[in-house]
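**Student:** This is the structure I want to talk about, given as structure tokens.
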Amino acid sequence: MDLGKKIRYIREEKNMSIKELAEKLGISNSHISQVERNISSPSITMLKNIANVFDIPMTSFFNDEIEKGSTVIRRKERKKIMLPNSNFTYEMLSPSSVSEFQLLLTRIEEGGRLGENPIGHKGQECCFINKGQVEFTINNEVYKLEEGDSIYYPENTPHNVVNSGKGEAIIISVINPADF
Numbered sequence: 509m510d511l512g513k514k515i516r517y518i519r520e521e522k523n524m525s526i527k528e529l530a531e532k533l534g535i536s537n538s539h540i541s542q543v544e545r546n547i548s549s550p551s552i553t554m555l556k557n558i559a560n561v562f563d564i565p566m567t568s569f570f571n572d573e574i575e576k577g578s579t580v581i582r583r584k585e586r587k588k589i590m591l592p593n594s595n596f597t598y599e600m601l602s603p604s605s606v607s608e609f610q611l612l613l614t615r616i617e618e619g620g621r622l623g624e625n626p627i628g629h630k631g632q633e634c635c636f637i638n639k640g641q642v643e644f645t646i647n648n649e650v651y652k653l654e655e656g657d658s659i660y661y662p663e664n665t666p667h668n669v670v671n672s673g674k675g676e677a678i679i680i681s682v683i684n685p686a687d688f
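Printed below as a string of structure tokens:
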């Protein structure tokens, strides 16, 4: 199922009109309609805001199956989330059906930035810098991190991430509860 159809499907499952969703997001009805028809692509911030309105993890937009019991996720079979016009690629390292936590691998292209403005989410997060150099902005304070460093921040803490080094940066994160 494509992203626009999935957003519409979840919106309809929540018995919410386009107008209600648009009002909660502070955007136009036509913009929601364009996203649902795949005429316009949502930014990562918009997608996160839609997930917050629906009270679901962002990965719900990319999950087509229900996983049960023990699960092995092979490198080649990871769910990848790549949004248009984004320098970030997300790979799910844990099953998307697990709600207690998420294990996420994030690849950031050189110079890539999460967004223009810091965003927060429900889950607390701990990030391990597996490769490269990144700058986290948390509560208007900039933290420069290198390979092997880690950072933690509580839920609902607005944050932004920038790849400040040469080449690709890779971050492995745990979010508890699952909210991506």
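In terms of our numbering, the numbers along the sequence shown are unbroken and rise by one, the last being 688. Even for Gly, the Cβ is constructed at its ideal location relative to N, Cα and C. Fair warning: this is a prediction, and the values are worked out from it, not measured in the lab.
1) Would K687 and G631 qualify as a contact pair, given that the criterion is a beta-carbon distance under 7 Å?
2) Got a sec? Which residues, its chain only, sit under 6 Å from L613 by beta carbon, not counting five neighbours each side?
3) Taking the straight line between their C-alpha atoms, what separation do you get for N546 and T579?
4) Does the Cβ of R586 have 16 or more other Cβ atoms within 10 Å, making it buried, or fewer, making it exposed?
5) Got a sec, what are the start and stop residues for the alpha helix (DSSP H) K691 sits in?
6) Taking DSSP as the reference, what is the three-state secondary structure of K652?
7) Is it buried or exposed for N523, if we count other Cβ within 10 angstroms and need 16 for buried?
8) In the DSSP assignment, find the unbroken beta strand (DSSP E) run with N684 in it and report its ends.
9) What residue does the alpha helix (DSSP H) around L529 start on, and which one ends it?
10) Just to confirm the assignment, what range does the alpha helix (DSSP H) spanning N557 have?
11) With distances taken from CA atoms, which of G656, K514, T553 and I535 is nearest E624?
12) Helix, strand or coil for K630? Go by DSSP, reduced to three states.
13) Since K639 and I678 should fall inside the 8 Å C-beta cutoff, what is the C-beta to C-beta distance between them, to a whole number of angstroms?
14) Here's a check: name, in chain order, each residue in its chain whose Cβ is nearer than 6 Å to the Cβ of I574, leaving out the five neighbours to either side.
15) Please state whether the Cβ-Cβ distance between I589 and F570 is less than 7 Å.
16) What residue from P603, N595 and M566 has the CA that sits closest to R583's CA?
**Tutor:** So, from the listed chains and residues:
1) The sequence as given places Asp at residue 687; Lys does not occur at that position. G631 sits close to D687, with the two beta carbons spaced by under 7 Å.
2) Cβ within range, chain order: E599, L601 and I680.
3) Each residue's Cα considered, the two are about 32 Å apart.
4) R586 is exposed by the Cβ-count criterion.
5) Since the first and last residues shown for the chain are 509 and 688, residue 691 lies out of range.
6) Three-state result, K652: strand.
7) Classification of N523: exposed, given that the 10 Å Cβ count is below 16.
8) From DSSP, the beta strand (DSSP E) with N684 extends over A677 to N684.
9) Where L529 is concerned, the enclosing alpha helix (DSSP H) stretches over I526 to L533.
10) Taken as a continuous stretch (DSSP letters only), the alpha helix (DSSP H) holding N557 covers I552 to F562.
11) Distances from the alpha-carbon of E624 to those of G656, K514, T553 and I535 put T553 closest.
12) In the three-state scheme derived from DSSP, where H, G and I count as helix and E and B as strand, K630 is classed as coil.
13) Correct: roughly 4 Å between the Cβ atoms.
14) Here the model assigns I574 a pLDDT of 43, short of 50, so the residue's position is not dependable, and the following value carries that caveat. Correct list, in chain order: S605.
15) With contacts defined as CB atoms closer than 7 Å, I589 and F570 qualify as a contacting pair.
16) Nearest C-alpha to R583: P603.
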